[in-house]
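Residue numbering for the sequence shown follows the working numbering, starting at 6 and increasing by one per position. Inspection log for the structure reproduced underneath, given as structure tokens.
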Amino acid sequence: MEADEPGAWPLAGWRVIDLSSEIAGPYCAKMLADAGADVIKVESPEGGDPLRGWTASGTPLSEGEDGALFQFLNASKRSIALDPGVDAERATLRALATKADLLIESFGPGGLAARGLAVEDLQRENPRLSVVSISPWGLEGPDANRPATEFTLQAATGSIDYRGLPGRKPVAAGGRIGEWAAGSFAATAAISAALSARKTGSGHHVDLSIFESMLICMTVYHDLSSQWFEGPLPRSIEIPSIEPAKDGFVGYCVITGQQWTDFCAMLGRQDIAEDPLYLDGRARMQHIERMQTMIQGWTRERSIDELIELAGLLRIPVAEIGNGETLPGMAQMKARDVFRPGPGGFIQPRPPYQLGRTPLRPPTRAPRLNEQADAIRAEWGAAPERSAASDPQADPLPLEGIRVVDLTAFWAGPVAAAYLADMGADVVKVESIQRPDGMRFAGAVPNDEIWEWSPVFHGANPGKRGITLKLDSDEGLALLRRMIAEADVLIENFSVRVLENFGLDWDDIKKINPKIVMVRMPAFGLEGPWRDRAGFAMTVEQVSGLAWLTGYRDLPLVVRGACDPIGGMHAVFALLMALEHRRRTGEGQLVEVPLVEVAVNIAAEQVIEFDAYSKLLVRDENRGPVAAPQGVYRTAEADSLIAVAVPDDAAWQALRRVMGDPEWAQDPAFDGAEGRRVHHDSLDKNLEAWLAEKPQQAALDALLGEGIPAAILINAHSLTPNPQLEARGFFQTLHHPRSGKARYPGWPMAFSGLPRALHRRPPPALGQHNDEILGGELGLDAEELERLREEGIIGERPSFM
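Shown next as structure tokens:
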């Protein structure tokens, strides 16, 4: 829903200064601009944001032309060129900051202070100002100033090491997904900080780490697993996953036992469905050659359309592998008008959320450098300064007092609700003993209560209380309706038909509680030809193009679920906008956040490049469009690997020094980035020969010592000890009633006005708070509760275990 009336936009009247560059900060600011905030992009007078000259395909730009990605990320903003090194211009910038709600920057540790813009000075002049600082490792800790790129950060998370085939080097996720993830976390943190400041009169300094954002999206829950399992996480791919068809590739997502059984039935191989050799992904990986022969022998004989139809009949999550050329023409994208002509002259995805009562701003053309300088000075100069007149004694948690009914399962929805809990909301997770959250069994430690030992469930659900209700019973549904009547938020990510079958679609919910905000997170949307398709994060990674840019040249691979927490953060952002609308109007509304539309936004560069320049971006294993050389290389020890990226000419010269400037490196063909990309094979061969003689740690120290981004490929089960994470207080110890004490991940952002340890309770055991909530709050007596247990309407143990 879009409208041209600025006063109706959810963040109308908010003022934001964007000092950031690259992807994460500008995407954060784009989300705020799409919501109606007045975003001022402050750029260097010497050329502005470097992204203005960027194209991922290497397409040359004409004089004065801005790259398509820059235009997408900076639409609806205004530009002013200011050099903080010039006294008068720094004074102008500080004056603008007295009128702002938010300032976003990516200068790195000490960067603001070095420019005469220390956060404490800015907040002294504007106490309500919140500053969001985005940096690779965070502003503090022993690695704060360590050189890094997206690629080397992925290596440091453990993500690269466990994605790949036996006998081949592991591969990174494509598409700079970590930067897009960090941008979504930053936008959610920004709006949270501003809402907190409105209550208390005191802004926050939000310190956001891209590394920690990537951990949340890629591997950090394996750290929980490492506390319960011994041994390294084996390198693997999913089986089945992306498989060859007659006319391309098709992607499956087989997570649950039922999906594996159905997949085997589809192949006509019921004989292996219950065979313990193949029951879970790790077991199937041990027999990869037999599995691939069987699966691919069957898929190669059928077309993509046939394979999708067959899997759909059995509700096996399935998708065509999309890319920048094919994605806009897919039936669901066309039916929902996801891709639209943008103000830059190319098609682009709309924002990935729709608010029923609150229109988003239609995008306007990205600004030319310094284009609106005079208007900004005049309008912001005349605007009142932000008042600190609030309640300093108010709880700084922005959602304190908000009640949330959480009907989500698996990862995207639960992680969104967990963030709400940590921002102060009272979140009640509702499951049933007949169908507990399926993530309770994912990667769980085998024991008598296996449903209490899943690392992903634990990581995605802290801070909540939990109950069970059999929703296909009259009494269970009536109890849920009573909870909804008293709630502020209802959040769910079932298949679309599920709530409709319970009589709980939006038309029903708003009759129960007109002021509630209902967040729905379907895989593909509430409408369109794919509305009833099953889908998980890996399914939308396959559709959106993220898998297209990930993997080997001959085989695309999935990112492995990163879209779930990224989707969760977009859902939170949209929800916070809806709550802001309710504060102003008293109205509740429906918020729709299809996971696939989140994925196509963070993969937007592929469609943008193809439409703007007719260039199809393709995967190139561990190589990328920026750094060259870039790759995973062997070092002296057995099975030891290191990731190295040379992002610019200065880093290349530094690498030559580290290696002792060998004769081969003196070739003038390597002096420029384009030449290094052309000769990447030769560079890889020579660099790996040099590294193969160096112990892994010595190689890392030498490279980092010269400012060259590098990281050891760690196993995801070997994340800790990690001095950087420990220094930043990233982990929090919680005591779960079944699994005991464990180290839980926090969030990638630290708020100056909030505790770093935000989890107020461990994730709930199944039905743990039945008596507390159904008895203590809804008023059921002990006899009624016991009867409900006997009838299977509530309980504390899965009915099938």
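Note that the Cβ used here is the ideal one computed from N, Cα and C, for glycine as well. These figures come from a predicted structure and were not determined experimentally.
Taking 8 angstroms as the threshold (C-beta atoms), are residue j and residue i in contact?
i           : j           : result
residue 318 : residue 255 : no
residue 614 : residue 361 : no
residue 24  : residue 134 : no
residue 582 : residue 211 : no
residue 649 : residue 580 : no
residue 618 : residue 162 : no
residue 260 : residue 547 : no
residue 225 : residue 750 : yes
residue 139 : residue 29  : yes
If we count the other Cβ atoms within 10 Å of its Cβ and call it buried at 16 or more, is residue i buried or exposed?
i           : result
residue 275 : exposed
residue 589 : exposed
residue 727 : buried
residue 629 : buried
residue 667 : exposed
residue 164 : buried
residue 808 : Outside the displayed span of the chain (6 to 806) sits residue 808, for which this structure offers no information.
residue 806 : exposed
residue 528 : buried
residue 775 : buried
residue 746 : exposed
Under a three-way DSSP split, which group does residue i fall into?
i           : result
residue 589 : helix
residue 638 : strand
residue 379 : helix
residue 293 : helix
residue 497 : strand
residue 45  : strand
residue 106 : coil
residue 618 : helix
residue 135 : strand
residue 23  : strand
residue 490 : helix
residue 249 : strand
residue 351 : coil
residue 791 : helix
residue 436 : strand
residue 812 : In the structure displayed, the chain extends from 6 to 806; residue 812 sits before or after that span and is not available.
residue 157 : helix
residue 597 : strand
residue 654 : helix
residue 576 : helix
residue 129 : helix
residue 612 : helix
residue 561 : strand
residue 411 : strand
Expressed to the nearest angstrom, what Euclidean distance is found between the alpha-carbon atoms of residue i and residue j?
i           : j           : result
residue 729 : residue 104 : 35 angstroms
residue 611 : residue 56  : 16 angstroms
residue 743 : residue 79  : 48 angstroms
residue 461 : residue 82  : 38 angstroms
residue 599 : residue 280 : 36 angstroms
residue 176 : residue 556 : 6 angstroms
residue 240 : residue 166 : 6 angstroms
residue 791 : residue 506 : 27 angstroms
residue 553 : residue 325 : 10 angstroms
residue 95  : residue 549 : 42 angstroms
residue 412 : residue 741 : 21 angstroms
residue 155 : residue 357 : 24 angstroms
residue 445 : residue 459 : 5 angstroms
residue 218 : residue 788 : 47 angstroms
residue 189 : residue 199 : 16 angstroms
residue 98  : residue 263 : 59 angstroms
residue 193 : residue 752 : 11 angstroms
residue 677 : residue 685 : 12 angstroms
residue 205 : residue 523 : 27 angstroms
residue 519 : residue 41  : 25 angstroms
residue 436 : residue 469 : 12 angstroms
- Every unbroken beta strand (DSSP E) within the stretch 51-98, with a cutoff of 3 residues, ordered by chain: 83-86
- Item | Runs of beta strand (DSSP E) wholly within the stretch 677-765 (minimum 3 residues, chain order) | 715-717, 736-741, 745-750, 754-756
- Task: Return the chain-ordered ranges of every alpha helix (DSSP H) run that is complete within the stretch 297-339 and spans a minimum of 4 residues.
- Result: 309-318
- Query: Enumerated in chain order, which unbroken segments of the beta strand (DSSP E) with a length of 3 residues or greater are wholly contained in the stretch 236-289?
  - Reply: 247-250, 253-257
- Query: Going along the chain, which unbroken runs of the beta strand (DSSP E) with 3 or more residues stay wholly within the stretch 449-485?
  - Reply: 470-473
- Kindly provide the ranges of any alpha helix (DSSP H) runs that are 4 or more residues long and lie completely inside the stretch 150-233, ordered along the chain. Listed in chain order, the complete alpha helix (DSSP H) runs (minimum 4 residues) inside the stretch 150-233 are 155-162, 182-205, 215-223, 226-231.
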